[in-house]
Amino acid sequence: MVLAFLVTGRVGAETQKDYELPEYVVTASRNEKRTVDVPVRTQVIIPGQIELSGVVDLGDLIGKYVTGHMHKFSGMSNPVGLRGLRSESHGDDVKGYVLILVDGHRMGTGNAAKISVDRIDRVEVVKGPASALYGSAAIGGVVNVITKKGSGTPETTLAAEYGSFDYRKGRISSGGEWGDRLAYHFTASTMCMDDFQVPEYGRVHNSSENQSRVGGNFTFSAGENHEFRLGGNYAELKGEYPSWAAGTYSEYDGTRSDHFDKSHGYADLEYNGGFRSGKLRWKGLGYYLWDLNHWYYRGWDGTPPNDNQTRSTDTTTGTDHQLTMKLADWNALVLGFNLEWLEKKSTAKSGGADTIPFTPGMTYETQSLFIQEELDLLENRVNISLAGRYDRFSVETKRPDTGDFESFKENTETYDHFSPKAGMGVKFFDEALRLRTNIGSGFKTPSADQLSAEYQKDATTLYRGNADLDPETSLTVDIGADFYHDLFDIGLTFFHTDFKDKIVDTTYTEGTLYVNSWKNSGDAEIEGIDLDVNWHIGRTFDIDPELLFFTRITFNTKFEDKKADTDLLYISDYEVKSGLNYSYDTFSAALSHVVVGPQKIENHDSWPATIEEKKAFSFWDLTLTYGFLGSFEAHLNITNLLDEKYEWVRGYIQPERSFRFGISYTF
0 MVLAFLVTGR VGAETQKDYE LPEYVVTASR NEKRTVDVPV RTQVIIPGQI ELSGVVDLGD
60 LIGKYVTGHM HKFSGMSNPV GLRGLRSESH GDDVKGYVLI LVDGHRMGTG NAAKISVDRI
120 DRVEVVKGPA SALYGSAAIG GVVNVITKKG SGTPETTLAA EYGSFDYRKG RISSGGEWGD
180 RLAYHFTAST MCMDDFQVPE YGRVHNSSEN QSRVGGNFTF SAGENHEFRL GGNYAELKGE
240 YPSWAAGTYS EYDGTRSDHF DKSHGYADLE YNGGFRSGKL RWKGLGYYLW DLNHWYYRGW
300 DGTPPNDNQT RSTDTTTGTD HQLTMKLADW NALVLGFNLE WLEKKSTAKS GGADTIPFTP
360 GMTYETQSLF IQEELDLLEN RVNISLAGRY DRFSVETKRP DTGDFESFKE NTETYDHFSP
420 KAGMGVKFFD EALRLRTNIG SGFKTPSADQ LSAEYQKDAT TLYRGNADLD PETSLTVDIG
480 ADFYHDLFDI GLTFFHTDFK DKIVDTTYTE GTLYVNSWKN SGDAEIEGID LDVNWHIGRT
540 FDIDPELLFF TRITFNTKFE DKKADTDLLY ISDYEVKSGL NYSYDTFSAA LSHVVVGPQK
600 IENHDSWPAT IEEKKAFSFW DLTLTYGFLG SFEAHLNITN LLDEKYEWVR GYIQPERSFR
660 FGISYTF
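Each residue of the sequence shown is one higher than the last, beginning at 0 in numbering that gives the first Met the number 0.
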């Protein structure tokens with residue numbers, strides 16, 4: 000076993016960690032509101048849990064704390080799921096079913112492995128459709144990453160880390176306030192790891208990773224009610240991806256050298272202003288998003304990876320504005336608009352020569368208007384939210400930069416969509432009990448090629464878009480109750496989703512041509528129960544240590560493909576994410592346990608693929624931290640504590656028991 004150095008990311012090494020849940024949330028209503036006043040239950044991963052999570056990126060953080068399907072591959076690929084639907088991990092995040100945001104705007108990727116926990120202050124997760132506020136992809140839910148902004152006396156942390164599989168990491172971070180007007184938080188890190196090992200099969204050849212990240216926020220207060228924030232992040236994410244030598248669960252191929260570059264970056268500028276004594280607030284955002292997915296792989300003829308490549312780059316320029324008008328003490332109206340322009344560029348090589356990539360180039364232009372009415376009635380005992388969003392898309396399929404086509408027409412198509420949502424919460428017994436219900440729709444836009452493609456790759460193969468495609472849509476109803484107490488809070492939710500107009504591939508002949516196209520075909524039903532529990536054990540028994548037990552449980556009671564009359568794939572019967580967080584003086588510990596139930600999957604070992612049941616799995620993680628000498632903190636993290644063989648996706652076994660030990664110095 001090997002020990003590793005890790006920094007926790009907080010300042011002040013001798014401060015007892017705080018596991019208090021936040022009083023305010025922002026994601027469910029686009030405004031900061033008390034948690035109990037928002038009719039939608041919001042799960043928050045708090046700073047203390049993030050610091051003790053022992054994970055590197057957002058994907059593993061979600062996998063540890065949030066129930067929903069996680070589809071983790073090797074090679075920094077980790078789309079995340081909520082309510083049976085998941086994000087898109089290869090760019091085009093508007094094509095996903097779960098939307099990832101950073102500080103309120105699209106992240107520009109659905110691959111949660113690209114987002115480091117070093118910059119995360121907290122994560123808000125809203126399950127269920129949110130297209131009425133955020134547009135395409137917000138069907139299963141929204142994950143909003145809220146980054147560190149800096150507060151208090153400026154402090155700087157230096158950290159080093161070493162661990163199993165020759166894991167090494169160095170990091171510097173700094174944050175705080177300069178005077179009354181300027182606050183900042185900045186972090187930079189570099190990390191590398193050799194091939195990891197798994198139970199039973201040993202070394203996973205060609206699985207090393209290298210990461211370099213830098214990012215931060217600078218906030219300037221121009222006055223009591225006017226604030227500007229400039230933020231950004233760049234991550235160079237490179238590594239290798241392994242292959243089995245002769246079919247899944249044989250042995251790992253030691254001759255491969257396939258590798259990737261999945262770098263990612265963004266920059267944003269935000270303004271928050273208050274007018275008319277706070278009765279009118281304006282929030283404006285401008286942002287630029289950049290996402291790269293570049294694979295190098297050995298050709299079927301044995302040619303090296305540099306001769307066989309596929310590359311796609313997504314760039315997005317957008318602006319988002321909202322006005323919040325306090326019309327009365329009990330009534331607030333939110334009006335806003337969003338403009339975005341997304342461009343995908345694709346290239347490919349095969350055998351050293353330029354060739355046609357897997358997907359053509361695409362552009363998306365989106366104009367959106369949204370409105371939300373918030374009513375707080377009967378002395379704030381009844382909270383009602385009514386929202387709707389109109390999206391207009393103009394999409395074009397573009398000729399890629401490489402490849403010889405028989406013909407290629409760059410066609411443009413337009414369509415629009417409206418998404419409504421309504422929710423109500425009623426509080427009793429001095430807000431100790433809340434009953435709530437929501438009904439809302441979500442949608443996923445058809446891709447540009449699905450709507451407008453018209454190109455012939457060779458003498459026999461034509462791709463033709465379907466301009467009559469409808470977006471994939473869902474209608475979800477949920478009913479729930481929340482119990483709030485100083486010692487605990489419990490949330491119970493029943494949800495039912497009707498999913499319609501699934502977009503599927505279709506093929507037909509036209510003379511001597513095989514035409515590949517798309518159509519709407521297929522409906523589904525998903526329903527289940529979510530249970531969230533947070534219990535402050537130390538407070539209950541009046542003991543000094545801060546001791547928090549939490550559990551998140553989802554029972555998926557129905558997930559049916561209505562057309563095929565079969566269970567949907569990649570949805571577990573149940574999931575349980577539980578943990579115990581302890582903190583006293585300068586010592587903290589976190590023990591977490593993940594259980595994922597059985598699910599139906601596709602087995603691609605043979606052709607055609609077969610459907611089989613993937614068995615349940617579970618694993619434990621442990622993290623310990625200790626502050627000493629006023630400015631130092633040591634950290635030990637043990638992942639896969641019991642050395643279980645488990646995999647989120649068939650064929651991608653997760654690492655064996657591993658260790659990291661770290662030390663940080665704050666000044």
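Note that CB positions come from ideal geometry on N, CA and C, so glycine has one too. No experiment lies behind these values; they were computed from the predicted model shown.
The beta carbon of Val125 is closer than 7 Å to those of Thr26, Ala27, Val39, Thr41, Gly140, Val141 in its chain, skipping five residues each way along the sequence. Shortest Cα-Cα distance from Tyr363 to any of Gln371, Glu372, Thr354, Asp390 involves Asp390.
Ile138 is the residue among Asp56, Arg435, Ile138 whose C-alpha sits nearest the C-alpha of Phe442.
By the Cβ criterion, the region 563-571 is in contact with the region 596-614, since at least three pairs of Cβ atoms, one from each stretch, lie closer than 8 Å. In this structure His89 is buried. Its beta-carbon is surrounded by 16 or more other beta-carbon atoms within 10 angstroms. Cβ neighbours of Ser150 within its own chain (closer than 8 Å, five residues either side excluded): Gly174, Gly175, Glu176, Ala182.
Contact between the region 239-253 and the region 263-281 is not established, with fewer than three Cβ pairs separated by less than 8 Å. Cα atoms of Gln371 and Val333: separation of roughly 5 Å, rounded to the nearest angstrom. Taking a contact to require three or more Cβ pairs closer than 8 Å, the region 417-424 and the region 100-115 do not qualify as touching. Membership of Asp564 in any alpha helix (DSSP H) is not indicated, and neither H nor E is assigned to it by DSSP.
Considering only Glu526, Thr108, Arg649, Tyr64, the residue with the shortest C-alpha distance to His263 is Thr108.
Excluding sequence positions up to five before and after Thr550, its CB lies within less than 6 Å of the CB of Val532, Ser577, all in the same chain and listed in chain order. A straight-line Cα-Cα distance of about 11 Å links Pro303 and Thr254. Boundaries for Glu50: no beta strand (DSSP E) harbours it, while the alpha helix (DSSP H) harbouring it runs 46-50, taken from the DSSP string.
For His184, the number of other beta carbons within 10 angstroms of its own is at least 16, and it is reported as buried. Taken atom to atom, the span from the alpha-carbon of Asp353 to that of Gln653 is near 35 Å. With contacts defined by Cβ atoms closer than 9 Å, Thr315 and Leu341 form a contacting pair. In its chain, beyond the 5 residues on either side, Pro128, Ser130, Ala131, Ser418, Pro419, Lys420, Thr472, Ser473, Leu474, Thr475 have a beta carbon closer than 8 Å to the beta carbon of Ser440.
For Gly439, the enclosing beta strand (DSSP E) covers residues 432-443. The Cβ atoms of Glu123 and Val55 do not sit closer than 9 Å to each other. Note on the region 449-516: whole beta strand (DSSP E) runs with a minimum of 3 residues are 453-455, 460-463, 471-483, 487-499, 502-509, in chain order. Cβ atoms of Leu491 and Leu434 stay farther apart than 8 Å, at about 10 Å.
DSSP, reduced to helix, strand and coil, places Tyr251 within a strand of the structure shown. With the rule of 3 Cβ pairs closer than 8 Å, the region 159-174 counts as touching the region 190-204.
Counting only runs of at least 3 residues, the region 308-382 fully encloses the following beta strand (DSSP E) elements, listed from N- to C-terminal order: 308-327, 330-349, 360-376.
Non-local beta-carbon contacts of Leu635 in its own chain, meaning distances under 6 Å to residues more than five positions away in sequence, involve Leu623, Phe660 in chain order. Thr186 and Val116 have their alpha carbons spaced roughly 11 Å apart. Under the three-pair Cβ rule at 8 Å, the region 558-566 does not count as touching the region 580-595.
Per DSSP, reduced to three states, the secondary structure at Gly58 is helical. Ranked by Cα distance from Asp541, the first of Thr508, Asp485, Met75, Asn307 is Asp485.
Around the CB of Ala327, fewer than 16 other CB atoms lie within 10 Å, so the residue is classed as exposed.
About 6 Å separates the Cβ atoms of Glu545 and Gly537, confirming a contact at the 8 Å cut-off. If you look at Leu132, you'll find it in the alpha helix (DSSP H) that goes 130-133. Under DSSP, Met192 takes part in a beta bridge, and its partners are Glu208.
The C-beta distance from Leu236 to Lys261 rounds to 5 Å, short enough to meet the 8 Å contact threshold. Per DSSP, the beta-bridge partners of Gln598 are Lys613.
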